[in-house]
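The numbers in full-length UniProt numbering rise by one with no breaks, and the one at position 159 of the sequence shown is 159.
C-beta: ideal position from N, C-alpha, C; glycine also.
Predicted model, so just to flag it, every value in this text is computed and none were measured.
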Amino acid sequence: MASEEFPGWHGTTIIGVRKGGQVVIAGDGQVSLGQTVIKGTARKVRRLSPGGQDVICGFAGSTADAFTLLERLEKKLEATPGQLARASVELAKDWRTDKYLQKLEAMLIVSDGSELFVITGAGDVLEPEHDIAAIGSGGNYALAAGRALMGTDKDAETIAREAMAIAADICVYTNGNLTVETIKA
């Protein structure tokens, strides 16, 4: 079927906020096909515990592709315990150079409580400048709202939840059904 005839899958807003010694990653639950909501309760934020270390992550993009990347990240973390930055760079290098992985369409936000990264298929491992990162269809809305809230006395979870609520009000591919994971430094 031609791509013009088949509407693409859309959905997901993921935000990561680092403030006050903790990191929160929150994601909505909406998956859409064209103009139709297929599912409103998808879980796109996860906690990984490879080798006993805690890492939280959220993903945007193809679910199967994201799970492939999460499995690869777990293996990298097992090989480099306690070194999220190194594991993330190794994953990004593989993703960029491996012909199979290059076809994967997803993005990740990951944190071990002290570091916060966005990992992309272009080989990027980005640490946000303002302790906040967002990806997905409503990512820019959540990012703008979160950055505006960072100067307040609100904690990381409140900022993430309020930024996601604003994104859900603006982006038709984002809903208010949140999964939230918190990790301390």
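- Taking the Cα positions, A122 is about 31 Å away from T158.
- From the listed residues A79, A144, V37, the smallest Cα separation to E162 is found for A144.
- Within its own chain, the residues whose Cβ lies closer than 7 Å to the Cβ of T174, once the five positions on either side in sequence are excluded, are T13, D28, Q30, S137, G138, A167, A168, listed in chain order.
- Look at A42 here: in three-state DSSP terms it is coil, with no helix or strand label.
- DSSP lists V110 as the beta-bridge partner residues of F117.
- Here the region 29-44 makes no contact with the region 93-101; the two share fewer than three CB pairs at distances below 8 Å.
- Take the alpha-carbon of R72 and the one of A160: they are about 27 Å apart.
- A Cβ-Cβ distance of about 12 Å is found for the pair I135 and G146, leaving them out of contact under the 8 Å criterion.
- With respect to the 8 Å criterion, G61 and V45 are not classified as neighbours on the basis of their beta carbons.
- Close CB contacts of L77 within its chain, under the 6 Å cut and outside five residues either way in sequence, are with P50, A87 (chain order).
- When secondary structure is reduced to three states using DSSP, V89 falls in the helix class.
- Sixteen is the threshold: when 16 or more other Cβ atoms of the shown chains lie within 10 Å of the Cβ of G16, as they do, the residue is buried.
- Under DSSP, V172 shares a beta bridge with no residue.
- The alpha-carbon of S111 is positioned some 19 Å away from that of T63.
- A direct Cα-Cα distance of roughly 13 Å separates L116 from A26.
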